[in-house]
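Everything below concerns the one structure shown next.
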Amino acid sequence: MALHSLPPGLHPDTLAIRSAADRSQYGENSEALYLTSGYVQPSAQASAARFAGDEDGFTYGRYGNPTVAGFEQRLASMEGAEASISSASGMSAILMMCMGLLQSGDHVVCSQSMFGSTIKLIGSDLAKFGVQSTFVPQTDVDAWRAAVRPNTKLLFAETPTNPLTEVCDIAALADIAHKAGALLAVDNCFATPALQRPISLGADIITHSGTKFLDGQGRVMAGALCTTEQRITEKFLPVLKSGGMTLAPFNAWVVLKGLETLGIRMKAQSAQALAVAQWLEQQSQVARVFYPGLPSHPQHALAMAQQNGCGGAVLSMEIKGFTPEQARANAFHVLDSMRVLSLCTNLGDTKSLLAHPASTSHGRLTEAQRQAAGVVQGMIRVNVGLEHLDDIKNDLLRGFESLPSA
Ligand SMILES: *Cc1c(COP(=O)(O)O)cnc(C)c1O
52 MALHSLPPGL HPDTLAIRSA ADRSQYGENS EALYLTSGYV QPSAQASAAR
102 FAGDEDGFTY GRYGNPTVAG FEQRLASMEG AEASISSASG MSAILMMCMG
152 LLQSGDHVVC SQSMFGSTIK LIGSDLAKFG VQSTFVPQTD VDAWRAAVRP
202 NTKLLFAETP TNPLTEVCDI AALADIAHKA GALLAVDNCF ATPALQRPIS
252 LGADIITHSG TKFLDGQGRV MAGALCTTEQ RITEKFLPVL KSGGMTLAPF
302 NAWVVLKGLE TLGIRMKAQS AQALAVAQWL EQQSQVARVF YPGLPSHPQH
352 ALAMAQQNGC GGAVLSMEIK GFTPEQARAN AFHVLDSMRV LSLCTNLGDT
402 KSLLAHPAST SHGRLTEAQR QAAGVVQGMI RVNVGLEHLD DIKNDLLRGF
452 ESLPSA
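Counting from 52, one number per residue, gives the positions in the sequence shown under our numbering.
Structural data, given as structure tokens:
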């Protein structure tokens, strides 16, 4: 599609604001929102050529839209990818990737601490169609290598993970994948291209939930894959066309505008999260804090090298309790004590949000899968937003101080 031409060599911060589809004949400075499901064709001949893919031009809303294309171009340029293809949600982007790359009899190696719905999709839903999978400990490079089989087509990691913020070595996993003739996909939802660009580290495909930091203010659902032009045209676009997991133009427009402030939000929220994490480590009711920016984090050095020196906006903490039941009750008590922060299973928002992963994002897993993912009953995940730091701490303190003494 005809897209806005910019001089080469611009920095990602500039591309986040300037990379877009062409302006319309009206010269609007803010990118236009094209709400249309169909496109008037100049001639029957041109229409036939467009539908056949021989000529550029929009044909039908399920296949493409100028606002959606603008979002895809901007995200791809920020990730340093050739191209991007968007979808209605992060999970539908992952589904599109799997449907495009895998068939019955193929094998996938996945981190066992991936997002809960990803584990469900690959481990259960795709298993119905004959796709095999092995789930390995995220940070154990040897376990990834050992899990590879002759029919392995895809390695899929998420770094940092939700909710434990485990970090994996993208370059090391890319090496394992490529030696096995497989591809490496990385879910870059937590770090975003503002902190981490997996393709520059050897990853082949990036998956995104645009719902999170790309939007940044908790408004719409969106998802995307970033990879080569060829893979998108040959593998993913056909799935989108027949599967119909198309991103709505309005949602694309919201996320497109969200990208403009991604860099400053990620840096500011990372700084806030680090301050909250350091403070939480000193609270007597908290057994453990998981945050890549803390020196106590097992992959702290790797995270700092791989993530532009930032830990990201999400941390998790384990509330104390003598038994799992008591830890769960204490965590619930803290969650129910909030007066400023929201009890809300989302992240990537400028509002600080708290969630109980064991009963929400990881609630559909079996107890064994939950244990493997390290999601204990006392765990609370915090998306650290942009409220004043003192107000965030005071709200949490209100929860801690009213706990029955642990
Ligand atoms: C939320 C999330 C997803 C799924 O995205 P949706 O937009 O909710 O479908 C995938 N991966 C990670 C790491 C997430 O946090």
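Heads up, the beta-carbon is just placed ideally off N, CA and C, and yes, glycines get one too. Bear in mind that the values here come from a model prediction, so they are computed numbers and not experimental data.
- request: Can you tell me which of the three DSSP states Lys263 falls into?
  value: Three-state DSSP puts Lys263 in coil, outside helix and strand.
- prompt: Tell me which same chain residues have a C-beta within less than 6 angstroms of the C-beta of Val192, skipping the five on either side of it?
  reply: Ala223
- prompt: Whose C-beta lies closer than 8 angstroms to the C-beta of Leu153 among residues of the same chain, with five residues either side of it excluded?
  reply: Val159, Leu177, Val182, Lys204 and Leu205
Contact belief for Ala364 with Ser321 at Cβ below 8 angstroms, rounded distance in angstroms: 6 angstroms
field: Backbone secondary structure at Gly363 - three-state DSSP
entry: coil
task: Consult DSSP for His158 and reduce its assignment to one of helix, strand or coil.
output: DSSP, reduced to helix, strand and coil, places His158 within a strand of the structure shown.
task: Look at Gln336 and Arg379 and say whether their C-beta atoms are less than 9 angstroms apart.
output: no
query: Who are Phe207's beta bridge partners in DSSP?
result: The partner list for Phe207 (beta bridge, DSSP) reads Cys161 and Ala236.
- request: My understanding is that Ile221 touches Gly269, with C-beta atoms under 8 angstroms, so please give their C-beta distance in whole angstroms.
  value: Ile221 to Gly269, Cβ: 28 angstroms. No contact.
Beta-carbon proximity check, Pro244 vs Met148, cutoff 9 angstroms: The answer is no: Cβ separation not under 9 angstroms.
message: Just to confirm the assignment, what range does the alpha helix (DSSP H) spanning Gly357 have?
response: The question names Gly, but residue 357 in the sequence shown is Gln. It spans His351 to Gln357 - the alpha helix (DSSP H) in which Gln357 sits, taken as one unbroken run.
Residue environment, Lys230, which counts as buried when at least 16 other CB atoms sit within 10 Å: exposed
- prompt: Should Ser293 go down as buried or exposed, given a rule of 16 or more other Cβ atoms within 10 Å for buried?
  reply: In the assembly as shown, Ser293 is an exposed residue. Its beta-carbon has fewer than 16 other beta-carbons within 10 Å.
field: Ala275 and Asn302 closer than 9 angstroms at C-beta
entry: no
Cross-strand partners of Arg432 (DSSP beta bridge): Ser367 and Ala406
query: Would the beta-carbon of Gly108 fall within 9 angstroms of that of Pro289?
result: no
field: Test item: CB-CB of Cys240 and Gly89 under 9 angstroms
entry: no
field: Reduced DSSP category for Leu394 - H, G, I as helix; E, B as strand; rest coil
entry: strand
query: What's the gap between the Cα of Ile257 and the Cα of Pro455?
result: 44 angstroms
message: Below 8 angstroms, is the gap between the Cβ of Ile257 and the nearest heavy atom of ligand 1?
response: no
message: Which residue wins for smallest C-alpha separation from Leu440, given the options Ala328, Thr118, Gln358 and Phe451?
response: Ala328
query: What residue does the alpha helix (DSSP H) around Thr284 start on, and which one ends it?
result: Taken as a continuous stretch (DSSP letters only), Thr284 belongs to no alpha helix (DSSP H), as it is neither H nor E.
For Ser251 and Trp330, the rounded distance between their alpha carbons: 34 angstroms
- prompt: Is any heavy atom in ligand 1 found nearer than 8 angstroms to the beta carbon of Ile145?
  reply: yes
field: Buried or exposed by the 16-neighbour rule on C-beta atoms within 10 Å, applied to Gly544
entry: The requested residue 544 does not occur in the structure, where the chain is confined to residues 52 to 457.
query: What separation, rounded to the nearest whole angstrom, lies between the Cα atoms of Lys263 and Met142?
result: Approximately 12 angstroms between the Cα atoms of the pair.
CB contact flag (Tyr85, Pro117, <9 angstroms): yes
- prompt: Distance, Cα to Cα, Pro63 vs Thr312?
  reply: 12 angstroms
message: To the nearest angstrom, how far is the alpha carbon of Thr396 from that of Thr87?
response: Roughly 32 angstroms between the two C-alpha positions.
query: Is the beta carbon of Phe24 less than 9 angstroms from the beta carbon of His348?
result: As displayed, the chain neither begins before 52 nor continues past 457, which places residue 24 out of reach and without an answer.
message: Taking 6 angstroms as the limit between beta carbons, can you name the residues of its chain near Ala194, skipping five residues before and five after?
response: Val187 and Pro188
field: Simplified DSSP state of Ser98, which is helix, strand or coil
entry: helix
query: For Thr279 and chain D, any beta-carbon pair shorter than 9 angstroms?
result: This model lacks chain D altogether; it includes just one protein chain.
task: Assign Gly89 to one of three DSSP states: helix, strand, or coil.
output: In the three-state DSSP reduction, Gly89 falls in the strand class (E or B).
- prompt: When you compare each of Leu353, Gln124, Ala100 and Gly450 to Ser56 by their alpha carbons, which one comes out closest?
  reply: Gln124
task: In angstroms with no decimal places, state the Cα-to-Cα distance between Ala53 and Gln96.
output: With a pLDDT of only 40 at Ala53, under the threshold of 50, the placement of this residue in the model should not be trusted, and no figure is reported.
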